[in-house]
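Line order of the protein sequences matches chains A and B.
Here the first sequence stands for residues 1 to 679, where the numbers follow the numbering used here.
Here the second sequence stands for residues 680 to 799, where the numbers follow the numbering used here.
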Amino acid sequence: MTEEEIENQHETGQSEQSSEPKKPRIGVFICHCGHNIADTVAVEKVTEFAKTLPNVEHAEHYMFMCSKPGIELIKKAIKEKNLDRTVVASCSKTQHGPTFAHAIEEEGLNRHMHQQVNIREWCSWPHIKDKAGATEKAEQMLEAGVNRSRKLEPVETRQIATTPAALVIGAGIAGLRAASDLAALGVKTYVVEKEPTIGGHMTQLNKTFPTQECPQCSISPLTNGVANDKNITLLTMAQVKAVEGSFGNFKVEVEITPRYVKDNCTSCGDCSAHCPVEVPSEWDSGMSMRKAIYKPFPQAIPATYVRDKKACIECHACENVCPAHAVDFSQKRETRKVEVGTIILAVGYDEYDPTEISAYHYHQDGYEDIITQLELERMLVAGSITNSALLRPSDGKVPRRVTMIQCVGSRNEQVGNKYCTGVCCMFAIKNAQIVKDNYPDTDVAICYIDIRTPGLNNEEFYKKAQEKGIKFIRGRPGEIQRDPITGQLLVIVEDTLSQTPLKIKSDLVVLSAAMVPPRSIGTLGSALHVLRDKTGFVKEFHIKMNPVKSSKDGIFLAGAIQGPKDIPQSVAQAGAAASLAAAPLVRGYIEKEMLVPQIDYDLCVNCGLCISACSPAAIYRNEAENKIMINEISCKACGLCGPACPTGAIQLKNFRDDEISDEIAALAVAPREGGHVHD
Amino acid sequence: MNTAGVARMGYDTAIKIVPLQCSGQANPQLIMDALKDGADAVGVIGCCIGACHFVNGNMLSMHRIKLMKQLFKELGYSDQQINHYTARAAEGETAVGDFEDIMARLKRAEHDGTTLPEGW
């Protein structure tokens with residue numbers, strides 16, 4: 001705001017308080033909402049009551065205010081009665097507030113001159129049993145709304161230029177798809193991935209259902225595409241540490257862990273061959289070992305090797321042997337500041353760790369033949385530690401009896417999570433078929449609670465598994481026992497369909513573990529300031545109508561971070577996220593409503609308490625003039641500054657203390673005592 | 680509260696709702712206005728800790744209510760007439776539970792005879 005503008009505001013504020021030059025002309029519209037409101041609240045009575053209120057120039061009720069004829073009634077009344085503001089008593093502000101605001105805007109009124117009163121969710125619906133009480137309350141609510149309407153001021157909408165770049169956090173299938181789509185729209189995109197390679201969990205899988213395709217082959221065009229796209233800057237070994245700014249203009253701090261290998265690495269592997277240190281490979285789910293200087297897997301992108309500083313004994317053999325002189329122990333941690341307009345969060349999931357289910361003995365000594373589905377994938381994949389053979393970890397023999405257990409960590413009230421992951425039935429059936437196809441003499445059984453295979457092709461996939469002779473046992477195993485003498489694993493389960501208790505002898509037990517939020521989301525979620533739900537997954541803006549927007553403007557969600565889902569769902573959502581993230585960048589601006597606080601400098605004592613209360617740091621002291629001022633672009637219209645002020649000098653426009661007080665006045669009086677408060 | 684309505688969860692018509700941008704916007708002035716205008720109890724409902732859309736507005740409100748309770752107590756009145764609650768948008772039953780809690784605390788205060796006198 002310029003000084004002049006502030007002065008003008010100040011003057012207008014003064015004149016409004018001393019004498020109202022223009023009397024408000026309020027139009028009141030009461031909706032029946034079919035039966036929803038009218039069955040409980042006597043809308044005609046409320047309408048008659050509205051007519052008695054000061055400054056109400058027009059009051060009527062109608063069946064469906066949000067319908068085309070309903071909107072026409074509002075517009076007609078505005079024209080005929082020269083109304084300058086409206087009050088609609090119907091449903092919630094979120095649902096149809098914008099509908100009516102838009103309608104009055106078309107008639108030349110500022111959209112903020114509309115006041116929504118919710119006599120449905122907040123009156124008729126919760127008070128179905130008390131018609132008289134509900135009607136009385138609706139009258140009070142309407143009066144409160146009219147009181148509030150009287151002092152509303154127009155609010156301008158300003159266009160704010162956006163930074164023409166986007167950030168994608170996470171380079172799994174969802175992140176890669178989103179980045180690719182953004183780049184295709186011409187948007188400069190940063191991709192930040194914390195692992196040394198891109199591709200995420202999809203690259204760890206052996207095959208994808210229902211077509212049993214190779215995921216490395218499916219994802220390869222995408223990984224290569226993203227790595228080579230001129231619009232994409234790929235940062236691996238990188239994590240987002242802090243985010244400042246707001247929608248349209250974010251400043252992101254990215255911390256990059258050094259690889260200790262320069263970009264001129266030719267990926268020849270000599271360093272790894274000469275490295276004396278071996279540690280379990282995280283990427284291979286611990287099924288094989290890797291060196292301290294390594295490439296996670298042959299097709300990894302970037303192909304540059306990476307040194308694990310913690311495992312390294314600093315013998316420098318790698319450095320000495322590297323023909324390209326690419327190994328560089330002197331590399332330091334780097335912090336990079338990236339400026340973007342929108343962010344897509346696509347950090348995926350982790351596999352549930354079944355260790356806490358003690359009855360299943362996962363990772364316990366003597367129970368090596370109990371593994372998870374991801375570990376099974378790593379065993380069956382081409383070039384695996386067993387060369388794709390299905391072997392028992394304990395003795396390396398081919399298992400003759402494989403038992404899979406579903407819902408491990410899912411659908412559980414005691415341990416793990418209550419939700420159904422939704423993907424495990426399909427991937428268990430997929431792996432069961434692969435085992436049966438390659439080892440026809442091996443018995444495969446799946447212990448399930450329900451088999452959930454919705455969607456095209458999936459039921460057929462399930463049917464095929466049954467035809468192949470895979471047994472389906474309906475029961476959740478209570479425990480896995482181990483014969484102390486023979487070492488044979490026994491899966492204890494009741495077949496609930498035949499009501500028979502079973503002890504299934506198993507050579508290999510595979511646990512279908514749930515998809516859970518990734519460990520990193522705690523700190524990352526706080527840095528981004530996105531809401532998460534009880535399960536830990538990031539909460540979408542609206543469960544039905546907007547699963548791609550997060551709780552924070554400008555941050556969008558793609559993939560499993562928003563809830564367990566399979567690959568096609570992740571890809572689809574990533575496309576949606578890219579589209580939403582690109583829109584304000586391609587358009588070049590976002591629209592911001594200038595719902596900002598105003599300062600009465602006669603009352604302001606310059607204490608600066610409002611500055612400490614402001615959450616987006618939108619209030620500051622202008623040193624030159626020693627005056628408190630407002631950064632209207634950062635302001636989030638939260639109103640926290642108001643209560644902090646000892647003199648009441650700073651007031652949020654349209655949410656001033658006197659305005660809210662007027663609203664309270666009508667609601668706080670006891671009904672049935674006759675005393676309705678008029679302004 | 681919308682969720683409670685959509686699910687047709689019932690509560691007393693004595694409960695009146697004033698929407699604010701943030702629970703942190705609930706000025707002590709407004710709370711006292713409500714009591715002065717005739718409200719028997721005031722509840723401020725905000726987002727769960729850590730979930731405030733504006734970072735810490737709910738914490739400011741919690742602290743504010745705590746101080747106000749102390750003040751009421753020091754003046755010899757019940758500290759149960761003003762309360763702060765947290766609720767999640769998707770949990771209608773939490774909001775209804777909060778409403779019932781407001782009424783229960785008020786009844787207790789009325790029973791103890793420590794409520795603010797009429798027309799103070």
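Yeah, the Cβ is synthetic: ideal placement off N, Cα and C, and Gly gets one too.
Residue(s) in a DSSP beta bridge with tyrosine 294 of chain A: Within the first sequence, numbered from 1, the residue matching residue 294 of chain A stands at position 294. Looking at the DSSP output, tyrosine 294 of chain A sits in a beta bridge with A:Val306.
Under the three-state DSSP convention, the category tyrosine 462 of chain A falls into: Residue mapping note: residue 462 of chain A aligns to position 462 of the first sequence, counting from 1. It is helical.
Coil, strand or helix - serine 388 of chain A by DSSP: The count along the first sequence starts at 1 and reaches residue 388 of chain A at position 388. Looking at serine 388 of chain A - three-state DSSP - the assignment turns out to be coil, as it is neither helix nor strand.
is_contact[lysine 565 of chain A, chain B] using C-beta, thresh 7 Å: By one-based count along the first sequence, residue 565 of chain A stands at place 565. Look at lysine 565 of chain A: its C-beta is not under 7 Å from any C-beta on chain B.
Cross-chain neighbours of phenylalanine 655 of chain A in chain B, by beta carbon under 8 Å: Position 655 of the first sequence, counted from the start, is the residue given in the question as residue 655 of chain A. For a Cβ distance threshold of 8 Å, residue set Leu699, Gln700 and Gln704 of chain B lies close to phenylalanine 655 of chain A, ordered along the chain.
Counted within 10 angstroms of its Cβ, other Cβ atoms place glutamate 319 of chain A as buried (16 or more) or exposed: The residue labelled residue 319 of chain A in the question sits at position 319 within the first sequence. Buried, by the Cβ-count rule.
Chain-ordered residues of the segment 131–153 of chain A with a beta carbon less than 9 Å from chain B: Interface annotation for the segment 131–153 of chain A against chain B: Ala132, Gly133, Ala134, Glu136, Lys137, Gln140, Met141 and Ala144, criterion Cβ-Cβ distance under 9 Å.
Under 7 Å between C-beta atoms of arginine 148 of chain A and methionine 594 of chain A: Taking the first residue of the first sequence as position 1, residue 148 of chain A is located at position 148. Taking the first residue of the first sequence as position 1, residue 594 of chain A is located at position 594. No; because the gap between Cβ atoms is not below 7 Å, this pair is not in contact.
Inter-residue Cα distance where the pair is glycine 366 of chain A and alanine 183 of chain A: Within the first sequence, numbered from 1, the residue matching residue 366 of chain A stands at position 366. Within the first sequence, numbered from 1, the residue matching residue 183 of chain A stands at position 183. CA-CA distance, glycine 366 of chain A to alanine 183 of chain A, rounds to 51 Å.
Whole-angstrom distance between cysteine 726 of chain B and lysine 552 of chain A, CA atom to CA atom: One-based indexing of the first sequence puts residue 552 of chain A at position 552. One-based indexing of the second sequence puts residue 726 of chain B at position 47. Roughly 14 Å between the two C-alpha positions.
Lysine 207 of chain A versus lysine 430 of chain A - alpha carbon distance: The residue given as residue 207 of chain A occupies position 207 in the first sequence. The residue given as residue 430 of chain A occupies position 430 in the first sequence. Taking the Cα positions, lysine 207 of chain A is about 8 Å away from lysine 430 of chain A.
Secondary structure of glycine 27 of chain A, DSSP reduced to three states: As a position in the first sequence, residue 27 of chain A is number 27, starting the count at 1. Residue state for glycine 27 of chain A is assigned as strand, using DSSP reduced to three classes.
Three-state secondary structure assigned by DSSP to histidine 102 of chain A: On the first sequence, position 102 is the one that residue 102 of chain A refers to. In this structure, histidine 102 of chain A counts as helix in the three-state DSSP scheme.
According to DSSP, residues forming a beta bridge with serine 702 of chain B: Within the second sequence, numbered from 1, the residue matching residue 702 of chain B stands at position 23. For serine 702 of chain B, which the question treats as bridged, DSSP gives no partner whatsoever.
Per-residue DSSP class, three states only, for glutamate 314 of chain A: Taking the first sequence and counting its residues from 1, the one referred to as residue 314 of chain A is at position 314. Reduced to three states, the DSSP call for glutamate 314 of chain A is coil.
Straight-line Cα distance separating glutamate 282 of chain A from valine 321 of chain A: The count along the first sequence starts at 1 and reaches residue 321 of chain A at position 321. The count along the first sequence starts at 1 and reaches residue 282 of chain A at position 282. Answer to the nearest angstrom: the Cα atoms are 25 Å apart.
Which residues DSSP lists as bridging alanine 59 of chain A, in chain order: Mapped onto the first sequence, residue 59 of chain A falls at position 59. Note: alanine 59 of chain A is bridge-paired with A:Val28 in the DSSP secondary-structure output.
Contact check, leucine 489 of chain A vs aspartate 495 of chain A, beta carbons under 7 Å: For the purposes of this step, residue 489 of chain A is taken as the residue at position 489 of the first sequence. For the purposes of this step, residue 495 of chain A is taken as the residue at position 495 of the first sequence. Not closer than 7 Å, so no.
Beta-ladder partner(s) of alanine 165 of chain A, from DSSP: Walking along the first sequence from the start, residue 165 of chain A turns up at place 165. As computed with DSSP, alanine 165 of chain A is found in a beta bridge with A:Lys188.
Leucine 380 of chain A burial status per 10 Å Cβ neighbour count (16 or more: buried): What you label residue 380 of chain A is simply residue 380 of the first sequence in a count that begins at 1. Leucine 380 of chain A should be labelled buried.
C-beta contact flag for serine 246 of chain A and phenylalanine 733 of chain B at 7 Å: Translated into positions along the first sequence, residue 246 of chain A becomes position 246. Translated into positions along the second sequence, residue 733 of chain B becomes position 54. Taking 7 Å as the Cβ cut-off, serine 246 of chain A and phenylalanine 733 of chain B do not qualify as a contacting pair.
Residue ranges of each alpha helix (DSSP H) within the segment 130–164 of chain A, 4 or longer: The segment 130–164 of chain A contains, as complete alpha helix (DSSP H) runs of 4+ residues, the segments 131–150 (chain order).
Classification of valine 605 of chain A by the beta-carbon crowding that lies within 10 angstroms, buried from 16 upward: Walking along the first sequence from the start, residue 605 of chain A turns up at place 605. Counting Cβ neighbours within 10 Å, valine 605 of chain A comes out exposed, since fewer than 16 surround it.
Secondary structure of lysine 505 of chain A, DSSP reduced to three states: Against the first sequence, residue 505 of chain A aligns to sequence position 505. Residue state, collapsed to three classes: strand.
Contact check, alanine 42 of chain A vs valine 28 of chain A, beta carbons under 7 Å: As a first step, residue 42 of chain A is located in the first sequence; it is residue number 42 there, counting from the start. As a first step, residue 28 of chain A is located in the first sequence; it is residue number 28 there, counting from the start. No, the pair does not count as a contact, with Cβ atoms beyond the cut-off.
Three-pair Cβ contact test at 8 Å for the segment 572–591 of chain A versus the segment 263–275 of chain A: No: fewer than three Cβ pairs fall under 8 Å.
Interface flag, glycine 674 of chain A vs chain B, CB-CB below 7 Å: Your numbering for residue 674 of chain A matches position 674 in the first sequence. With a pLDDT of 43 at glycine 674 of chain A, under the threshold of 50, the modelled position of that residue is not reliable, and the figure given next carries that caveat. Residue-level contact check: glycine 674 of chain A does not touch chain B, since none of the beta carbons of chain B fall below 7 Å from its beta carbon.
Interface residues of chain A facing asparagine 735 of chain B [CB-CB closer than 7 Å]: As a working mapping, residue 735 of chain B is identified with position 56 in the second sequence. Residues of chain A passing the Cβ test: Ser615.
Nonlocal neighbours in the same chain, by C-beta distance under 6 Å from glycine 525 of chain A, ignoring five residues either side: In the first sequence, residue 525 of chain A corresponds to position 525, counting from 1. Result list for glycine 525 of chain A: Arg532, in chain order.
Chain A residues whose Cβ lies nearer than 9 Å to that of glutamine 760 of chain B: Stepping through the second sequence from its first residue, residue 760 of chain B is reached at position 81. Near glutamine 760 of chain B there are no residues of chain A at all, since even the closest Cβ is about 13 Å away, more than 9 Å.
Member of A:Met287, A:Gly286, A:Val277 and A:Ser285 whose CA lies at the smallest distance from the CA of tyrosine 294 of chain A: In the first sequence, residue 294 of chain A corresponds to position 294, counting from 1. Comparing Cα-Cα distances from tyrosine 294 of chain A to each of A:Met287, A:Gly286, A:Val277 and A:Ser285, the minimum goes to A:Val277.
Own chain partners of arginine 411 of chain A with C-beta closer than 6 Å, once the 5 adjacent residues on each side are dropped: By 1-based counting over the first sequence, the position of residue 411 of chain A is 411. If we look at arginine 411 of chain A and ignore the five residues flanking it on each side, its Cβ neighbours are Cys420.
Coil, strand or helix - leucine 739 of chain B by DSSP: The count along the second sequence starts at 1 and reaches residue 739 of chain B at position 60. It is helical.
Nearest-angstrom Cα separation, counted from valine 168 of chain A out to alanine 666 of chain A: Looking up residue 666 of chain A in the first sequence gives position 666. Looking up residue 168 of chain A in the first sequence gives position 168. Alanine 666 of chain A and valine 168 of chain A have their C-alpha atoms roughly 49 Å apart.
Residues bridged to isoleucine 619 of chain A (per DSSP): Here residue 619 of chain A is taken as the residue at index 619 of the first sequence, counted from 1. In the DSSP output, where bridge partners are listed per residue, isoleucine 619 of chain A has A:Ile630.
Spatial distance of tyrosine 764 of chain B from tyrosine 462 of chain A (CA atoms): As a working note, residue 764 of chain B is residue 85 in the second sequence. As a working note, residue 462 of chain A is residue 462 in the first sequence. Whole-angstrom Cα-Cα distance: 49 Å.
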